[in-house]
Amino acid sequence: MNQESVESLINNYEAIVKQQQQELYYLKHEQDNLKHQLIELINENKQLSQDLSAKKPLPPQTNNNNYEQLISNLKQQINKLINEKECVSKLWQEGIKTIDHLEDEFKQTGVPKSEVQKLKLNYETKIEKLQQELAKNQMRHCEVDQSLENQASALKIVKNLETEVLRLQKRLQEAVEDKNLSQQMLEKKDEVIQSLKSANSNYLRQVREAVCVVEAALNEKDAALFREQQIKDENEKLLKEMTEIVKQTQEKIKQETLKLSIESAEKQKLLMDELSQAQTEIRRKCEEIEALNQKSCQLEREIERMHKGHCTIDESDINKLLILEKNLESTFQKLLVSEKLNIQLTSDKEVIKNDLEQMANIYDRNLKAKEVEMLTLKAKINRLETELNETHEKINNLSKINQDNKQQQGNNETDYKATITEYKNTIKQLQTQIEMKQDLHQKWRKETKIITDNLEKLVTHLKQEVQQFKKENKSLKEDFRKSEDKVRQYKTFLELISKDVNKISHLTLGPGIS
C-alpha cells in the first residue's frame, strides 16, 4: 500500500467522521426541540388540570393533590345532589301520603264529587308537573353524573397522559443517555482514530526515514564503491608515479653522483697537483728563506760588528747588502705570493669540501624526502585501505539495517492493515449503531408526533368539554336554583293544600256536628 492511497483512505475516514458528527449534532438539535415541545405540552397539561380543578388560581400544590381535591369537590357536589334528590323524593312521598290520607278522609267525610274531582284534577295536574319536574331533575342528575363520569374519564386521560409524558421523558432520558454513550463511544473512536492517525504518521515517518536511510546507504554504497575505485586508481597511479620517481631519482642521483665524483676527483687531482706544487714551492721558498735568514743573520752580525767599530765598511759589502736587501724583498714578494696562492688553494679546497658536503647533504635530504614521501604514501595507502574496510563494514551494516527496515516495514504494513480493518469494522459498527439510532430517532419522532397530535386533539377536546362543562354547570346551577325555588313553592303549595284540606275537613265535620 503506497502513501497516496493511505492518505486518501485517512481523508475519507475523516470526512465520514465529520459527517457522522454533523448528523449527531442534527439529532441532538432535534432532540432538544422535541424536549422543549414536550415541556411545553406538560406545562399546558398542568395549566389545563389547574383550570379543571378550579376557576380561581389555587395555591401551588402537587398534581395528585389537585386531582384529589377536584374529585372530592365533585363527590361533595354529587352527595349534595343525591341528598336534594332524596329530599325531593321524600317530599313527593309525603305529598302522596297526604293525598291518600285526604282521599281517605274525603271518603269518610263525603265531600261533593264535583269539588273532589276538581281538587283531584288539580292535584293530578300538579302531580304530573311535579313528576315532569322530577323526571327533568333526574335527567339533569343523569347528565351531571355523565359529566362527572366524563370529568373522571378526562382526569384518567390526563393521568394517562401524564404517565405517557413521564414514560416519554424516561425514554427521552434513555435516548439522551444513549446519545451520551454514543458520543462517548464516538469520542473513544475519535481517540482511536487520532491514535491510528498518529501511528500512521509515525509509520509513514519511519518508512520515510527507512527509505532515506536506505537511499543514503545506497548512495553511501555507490560513493564508497566510487571512492574505492578512485582509491584503487589513485593507488595504482601513485605506485606508478612513485616507481617512476624512484627510478628517475635513482638514475639522476647516480648520474649526479658520478658527475660530481668525476668532477670532484678531477678537481681533487688538480688541487692535489697544485697543492704538491705549492708545497714544493713552499719548501723551496722556505729553504731560500732559511738561507736568506742565515745570510741576514750574518749581515746583522756584521752590521753589529760594524757599529761597534771593529771593522770597516767596504763598497763591496754595501753592494752585497743592497743585493741582499733586493733579494730579500723579492723573496718576501714571492713568499707573499706563495702565501696568497696557498690561502687561495686552501679556500678553494674548503669551497670544494663545502660543495661536496652540501651535495652530500642535498643527496641525504633528497633521500630522506623520498623516504618520507614513501612513508606518507604507505600511510595514505594504509588509510585508504582502512577507509575501504570501514566502507565495506558500513555497507554490510547498511544492508543489515536495510533488511531490518524491510522487515519492520513489512510488520508495520501488517499492523497498519490490521488497524485499518479494525478501524473499518469499528466504522461499520458505528454506522450500524448510528443507523439504528436514526431509525429509533425517526420512530421516536413519529411516535412523539402522533402523541403530540393526539395530545393536541385531546387538549382541544378537553378544552371544549371544559367549556361545555362550565356551561352545563352554570345551567345546572341555574336549574338547581330554579328547582329550589319550585320546591319552596311546592312546600308553600302543600301547606296551602293542607290548610285547604283542614278547611274542607273542618267544613265537612262542622255540619255533622251541628
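So the sequence shown is numbered by UniProt numbering: it starts at 1 and just counts up by one. Idealized CB from N, CA, C, for every residue including glycine. Please read these numbers as outputs of a predicted model, since none were measured by experiment.
- Residue burial is scored here from C-beta neighbours: Asn412 has at least 16 other C-beta atoms within 10 angstroms and is therefore classed as buried.
- Judged by beta-carbon spacing, Leu398 lies beyond the 7 Å limit of Ala223, meaning their Cβ atoms are not closer than that value.
- Only residues of its own chain outside the window of five on either side were considered, and among them Ile245, Val246, Thr249 have a CB closer than 8 Å to the CB of Lys370, listed in chain order.
- Distance from the CA atom of Leu258 to the CA atom of Val372, rounded to whole angstroms, is 25 Å.
- Between the alpha carbons of Trp444 and Phe480 lies a gap of roughly 50 Å.
- By the neighbour-count criterion, in which a residue is buried when 16 or more other Cβ atoms sit within 10 angstroms of its Cβ, Thr448 is buried.
- Annotation for Leu275: Leu345 place their beta carbon closer than 7 Å to its own, counting only its chain and skipping 5 residues before and after.
- The shortest C-alpha to C-alpha distance from Gln279 to any of Asn342, Leu166, Ala265 is the one to Asn342.
- Put simply, the backbone Cα of Ile450 is about 20 Å away from that of Glu174.
- If you draw a straight line from the Cα of Leu168 to the Cα of Leu161, it is about 10 Å long.
- The beta carbon of Leu430 sits closer than 8 Å to those of Gln20, Met185, Leu186, Lys189, all from its chain and outside the five residues before and after it, given in chain order.
- In terms of Cβ geometry, Ile395 and Lys232 do not form a close pair [threshold 7 Å].
- Remark: C-beta atoms of Gln409 and Val207 approach each other more closely than 7 Å.
- Cβ-Cβ distances below 8 Å link Asn327 to Leu292 in the same chain, with the five nearest sequence neighbours on each side left out; the list follows chain order.
- With a threshold of 16 other beta carbon atoms within 10 Å, Ser198 falls short and is exposed.
- Nearest in C-alpha terms to Leu204, of all of Leu260, Tyr416, Ser475, is Tyr416.
- Counting the other Cβ atoms within 10 Å of the Cβ of Asn454 gives fewer than 16, which makes it exposed.
- Non-local beta-carbon contacts of Arg171 in its own chain, meaning distances under 8 Å to residues more than five positions away in sequence, involve Trp444 in chain order.
- A Cβ-Cβ separation of about 29 Å leaves Ala210 out of contact with Asn425 under the 8 Å criterion.
- Taking C-beta atoms under 8 Å as the contact rule, Ser338 and Ile253 fail to qualify, at a distance of about 40 Å.
- With respect to Leu335, Lys295 sits apart: the two C-beta atoms are not nearer than 7 Å.
- As the crow flies, the alpha-carbon of Leu322 is around 26 Å from that of Lys340.
- Nearest to Asp178 by alpha-carbon distance, out of Lys156, Leu440, Gln146, is Leu440.
- Residue burial is scored here from C-beta neighbours: Thr391 has at least 16 other C-beta atoms within 10 angstroms and is therefore classed as buried.
- Leu367 is positioned such that its CB atom lies no closer than 7 Å to that of Leu238.
- The beta carbons of Leu196 and Thr419 sit closer together than 7 Å.
- For the pair Met359 and Lys353, the Cα-to-Cα distance works out to about 10 Å.
- With a 10 Å radius around the Cβ and a threshold of 16 neighbouring Cβ atoms, Ile262 comes out exposed.
- Distance from the CA of Lys482 to the CA of Arg488, rounded to the nearest whole angstrom, comes to 10 Å.
- Note that the C-beta distance between Ile362 and Asn235 is not below 7 Å.
- Excluding residues up to 5 positions away in sequence, nothing lies with its Cβ nearer than 7 Å to the Cβ of Arg383 in the same chain.
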